[in-house]
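Only one structure is covered here, and it is reproduced in the block below.
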Amino acid sequence: MVFFRSVAVLSKLRSRLAQQSTSLGAARWLQIQSASDLDLHSQLKDMIPEQQERLKKLKAENGKVQLGNITVDMVIGGMRGMTGLLWETSLLDPDEGIRFRGLSIPECQKLLPAASPGGEPLPEGLLWLLLTGKVPSKEQVDALSKELQSRSKVPDHVYKAINALPATAHPMTQFTTGVMALQVESEFQKAYDKGLSKAKFWEPTYEDSMNLIARVPVVASFIYRRICKEGQIIPADSSLDYGANFSHMLGYDDPKMLELMRLYVTIHSDHEGGNVSAHTAHLVGSALSDPYLSFAAALNGLAGPLHGLANQEVLLWIKSVVKECGENITTEQLKDYVWKTLNSGKVVPGYGHGVLRKTDPRYTCQREFALKHLPADPLFQLVSKLYEVVPPILTQLGKVKNPWPNVDAHSGVLLNHFGLSEARYYTVLFGVSRSIGIGSQLIWDRALGLPLERPKSVTMEWLENYCKKAA
Ligand code: NMX
Ligand code: MLT
Numbered sequence: 001m002v003f004f005r006s007v008a009v010l011s012k013l014r015s016r017l018a019q020q021s022t023s024l025g026a027a028r029w030l031q032i033q034s035a036s037d038l039d040l041h042s043q044l045k046d047m048i049p050e051q052q053e054r055l056k057k058l059k060a061e062n063g064k065v066q067l068g069n070i071t072v073d074m075v076i077g078g079m080r081g082m083t084g085l086l087w088e089t090s091l092l093d094p095d096e097g098i099r100f101r102g103l104s105i106p107e108c109q110k111l112l113p114a115a116s117p118g119g120e121p122l123p124e125g126l127l128w129l130l131l132t133g134k135v136p137s138k139e140q141v142d143a144l145s146k147e148l149q150s151r152s153k154v155p156d157h158v159y160k161a162i163n164a165l166p167a168t169a170h171p172m173t174q175f176t177t178g179v180m181a182l183q184v185e186s187e188f189q190k191a192y193d194k195g196l197s198k199a200k201f202w203e204p205t206y207e208d209s210m211n212l213i214a215r216v217p218v219v220a221s222f223i224y225r226r227i228c229k230e231g232q233i234i235p236a237d238s239s240l241d242y243g244a245n246f247s248h249m250l251g252y253d254d255p256k257m258l259e260l261m262r263l264y265v266t267i268h269s270d271h272e273g274g275n276v277s278a279h280t281a282h283l284v285g286s287a288l289s290d291p292y293l294s295f296a297a298a299l300n301g302l303a304g305p306l307h308g309l310a311n312q313e314v315l316l317w318i319k320s321v322v323k324e325c326g327e328n329i330t331t332e333q334l335k336d337y338v339w340k341t342l343n344s345g346k347v348v349p350g351y352g353h354g355v356l357r358k359t360d361p362r363y364t365c366q367r368e369f370a371l372k373h374l375p376a377d378p379l380f381q382l383v384s385k386l387y388e389v390v391p392p393i394l395t396q397l398g399k400v401k402n403p404w405p406n407v408d409a410h411s412g413v414l415l416n417h418f419g420l421s422e423a424r425y426y427t428v429l430f431g432v433s434r435s436i437g438i439g440s441q442l443i444w445d446r447a448l449g450l451p452l453e454r455p456k457s458v459t460m461e462w463l464e465n466y467c468k469k470a471a
């Protein structure tokens, strides 16, 4: 008893120290944890009251502080550059890229526990980091791996719901159907129906989010094996971590592919709150729709070609280049192909971004992975050539705000190298990864009692009249 009390006191002290360092603008909200406290749920329970107080204070003391001006361009232009959401798990800098709870991707690669020394981060470690703001120990990550395994049983009706669709249905349609079928087991919905008080909303949200994160790899690999491998299902291997087991269930056991999957899931997990999938989940969740409903909605946004489907589009586009010009394409031929794509009114998939203004660090770390493990792969070499050819052309167009590659420009050639060549499936991998970021933030949304999202909209007439008066 005394031991548990002192662990709780220590952990309170640690989070207070961490907050102080944030308010000083110094070190990030981060600390290496002791190996004793392995239970994520109790860590969160301990942290939540402090974070609720922090938000209350922020609102009371600074609620009227202005965060910039809204322009007509922003209203018409998809709210680009408009700060309007609270999202705790990650933050995107236009030049530097994503930071997960303050940590850049290279920092995560250095600090988060790996399967073997020097290896890629384990996604369970990232989940711990996103939820708590703290770098977990290897023991904590192992405990979380086991917890996720224990939650991973998928009920039979989910497979039946997916099997009711033609195997030719897009994998993302099958995936969303599977997630909707998982929703039948929502703990949040059950608890809400029984009259759960608002102060406790986060608890069944935690249950649903953790169950969702644990189950989506099983559902996703079922879909892959159904569509691509004649329905030969591979059971989970409980000795493996989250990323490795996912790769195993898909049918890929090469140790390098296991490392790739760990890296893939980690870097695709979260990209602050304004991207289409994360924002959708946050919006739908704000109506107190449970995590399954919120995540299924997010997946429908991810399935769009300007968002997550771009990874499919990139590999198909690269393969179309090879089909037309061969693997040993010259720089001039490649330039012509890019112009041909643009002149036919299409975008160059994998390039550009709504926020980023430099090369996406998620692209860079995948490039580093390729340089280390598959430098001679012909499609990787083509991707490298595109990195030289595409940005100057997009810049020449004069309207593209970011001519640099994003995460999707690279992921397909890595998966393809290890045999996972079915591009139509790629967005499902993105979706599995994003359950980690979205699930984590949904828990904090409910813990912080964030309200219904309901921005104001106006008509063109309203804008015209407003601007006339303002002139
Ligand atoms: N190829 C051709 N044109 C482009 C590209 C591109 N890669 N990127 C932007 N543009 C165009 C864009 O269509 C727009 O044209 P118009 O004014 O004629 O409508 C103009 O440039 C200005 O767009 P931006 O303000 O630079 O970009 P925006 O924030 O509107 O859109 C994307 C961002 C990501 C939707 C856009 O860059 C794009 O369509 N990229 C290709 C698709 C892609 O890779 N999506 C994945 C993004 C990452 N993810 O995983 O979600
Ligand atoms: C993402 O990972 O969600 C994409 O890069 C899109 C975005 O951030 O807007």
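Those letters in the sequence shown? Residues 1 to 471, per UniProt numbering, in order. Where is the CB? At the ideal position from N, CA and C, for every residue including glycine. Because the structure is a prediction, the values reported are computed rather than measured.
beta-carbon Gly431 near the ligand NMX non-hydrogen atom, thresh 7 Å: Counting from 1 along the sequence shown, the entry for residue 431 is found at position 431. For the ligand NMX, not one heavy atom lies less than 7 Å from the Cβ of Gly431.
Cutoff 8 Å; reference Val390; Cβ partners in own chain excluding five residues on either side: The residue you call residue 390 lines up with position 390 of the sequence shown. For Val390, where only same-chain residues beyond five positions count, the Cβ hits under 8 Å are Val338, Val348, Tyr351, Pro403 and Pro405.
Minimum C-alpha distance to Val265 - residue among Leu429, Met210, Glu453 and Thr205: As a first step, residue 265 must be located in the sequence shown, where it is residue number 265. Comparing Cα-Cα distances from Val265 to each of Leu429, Met210, Glu453 and Thr205, the minimum goes to Leu429.
Under 8 Å between C-beta atoms of Ile438 and Thr205: Here residue 438 refers to the residue found at position 438 of the sequence shown. Here residue 205 refers to the residue found at position 205 of the sequence shown. It is not a contact, given that the beta carbons lie outside the stated cut-off.
Sub-8 Å separation of Phe295 and Val407 beta-carbons: Your numbering for residue 295 matches position 295 in the sequence shown. Your numbering for residue 407 matches position 407 in the sequence shown. Cβ atoms of Phe295 and Val407: not closer than 8 Å.
C-alpha distance - Gly119 paired with Leu92, whole-angstrom precision: Within the sequence shown, the letter at position 119 stands for residue 119. Within the sequence shown, the letter at position 92 stands for residue 92. Between Gly119 and Leu92, the C-alpha separation is close to 25 Å.
Selected residue, minimal CA-CA separation from Met257, among Gly78, Gly308, His373 and Gly326: Looking up residue 257 in the sequence shown gives position 257. Closest by alpha carbon: His373.
Per DSSP, the bridge partner or partners of Ser90: Here residue 90 corresponds to residue number 90 of the sequence shown, with the count starting at 1. Paired residues: Phe100.
Three-way DSSP call (helix, strand, coil) for Tyr387 in this model: Reading the sequence shown from its first residue, position 387 is the one you call residue 387. Helix at Tyr387.
Chain-order list of residues whose beta-carbon lies under 6 Å from that of Glu453 (same chain, five-residue window excluded): Taking the first residue of the sequence shown as position 1, residue 453 is located at position 453. Excluding residues within five positions, the ones whose Cβ falls inside 6 Å are Leu283 and Ser286.
Endpoints, the alpha helix (DSSP H) within which Gln109 is located: Here residue 109 refers to the residue found at position 109 when the sequence shown is read from its first residue. It spans Ile105 to Leu111 - the alpha helix (DSSP H) in which Gln109 sits, taken as one unbroken run.
Straight-line Cα distance separating Glu464 from Ser150: Taking the sequence shown and counting its residues from 1, the one referred to as residue 150 is at position 150. Taking the sequence shown and counting its residues from 1, the one referred to as residue 464 is at position 464. Their backbone Cα atoms lie some 58 Å apart in a straight line.
Beta-carbon proximity check, Ile48 vs Ile213, cutoff 8 Å: Counting from 1 along the sequence shown, the entry for residue 48 is found at position 48. Counting from 1 along the sequence shown, the entry for residue 213 is found at position 213. No, these two residues do not count as a Cβ contact at 8 Å.
Proximity below 8 Å, CB of Phe100 to CB of Arg446: Counting from 1 along the sequence shown, the entry for residue 100 is found at position 100. Counting from 1 along the sequence shown, the entry for residue 446 is found at position 446. No. Outside cutoff.
Near the ligand MLT: Ser197 beta-carbon under 7 Å from a heavy atom: Taking the first residue of the sequence shown as 1, we reach residue 197 at position 197. Flag unset: Cβ of Ser197 not near the ligand MLT.
Simplified DSSP assignment, three categories, for Pro217: Walking along the sequence shown from the start, residue 217 turns up at place 217. Residue state, collapsed to three classes: helix.
7 Å Cβ shell around Gly419 - same chain, five flanking residues per side excluded: Your numbering for residue 419 matches position 419 in the sequence shown. Same-chain partners within the cutoff: Tyr252.
Contact test: Asn275 Cβ vs the ligand MLT heavy atom, cutoff 7 Å: On the sequence shown, position 275 is the one that residue 275 refers to. Answer for Asn275: yes, Cβ within range of the ligand MLT.
Segment limits, alpha helix (DSSP H) that includes Trp339: In the sequence shown, the residue the question calls residue 339 occupies position 339. Thr331 to Asn343 is the extent of the alpha helix (DSSP H) around Trp339.
Closer than 7 Å: Arg80 CB and nearest the ligand NMX heavy atom: Locating residue 80 in the sequence shown gives position 80, counting from the first residue. Within the cutoff, so yes.
Cβ pair Gly354, Arg80 closer than 8 Å: Indexing the sequence shown from 1 puts residue 354 at position 354. Indexing the sequence shown from 1 puts residue 80 at position 80. Contact: yes.
Continuous alpha helix (DSSP H) stretch holding Met460: start and end: Working through the sequence shown from its first residue, we reach residue 460 at position 460. Its alpha helix (DSSP H) spans residues Met460 to Ala470.
Sufficient close CB pairs (3 or more, under 8 Å) joining the segment 171 to 178 to the segment 290 to 310: yes
Per-residue DSSP class, three states only, for Pro136: To locate residue 136, count along the sequence shown from 1; it is residue 136. Correct three-state label for Pro136: coil.
Three or more C-beta pairs below 8 Å linking the segment 213 to 232 and the segment 142 to 161: yes
Span of the alpha helix (DSSP H), counted from its first residue to its last, around Gly323: Sequence index remark: in the sequence shown, residue 323 carries index 323 (1-based). Note that residue 323 is Lys in the sequence shown here, rather than Gly. Taken as a continuous stretch (DSSP letters only), the alpha helix (DSSP H) holding Lys323 covers Ala310 to Cys325.
Nearest-angstrom beta carbon gap, Pro171 and Tyr425 [assumed within contact, 8 Å]: Position 425 of the sequence shown, counting from 1, holds the residue named residue 425. Position 171 of the sequence shown, counting from 1, holds the residue named residue 171. Contact holds; Cβ gap of about 5 Å.
Rounded Cβ spacing between Glu259 and Ser90 (contact assumed at less than 8 Å): Here residue 259 corresponds to residue number 259 of the sequence shown, with the count starting at 1. Here residue 90 corresponds to residue number 90 of the sequence shown, with the count starting at 1. Contact flag wrong, Cβ pair sits at about 22 Å.
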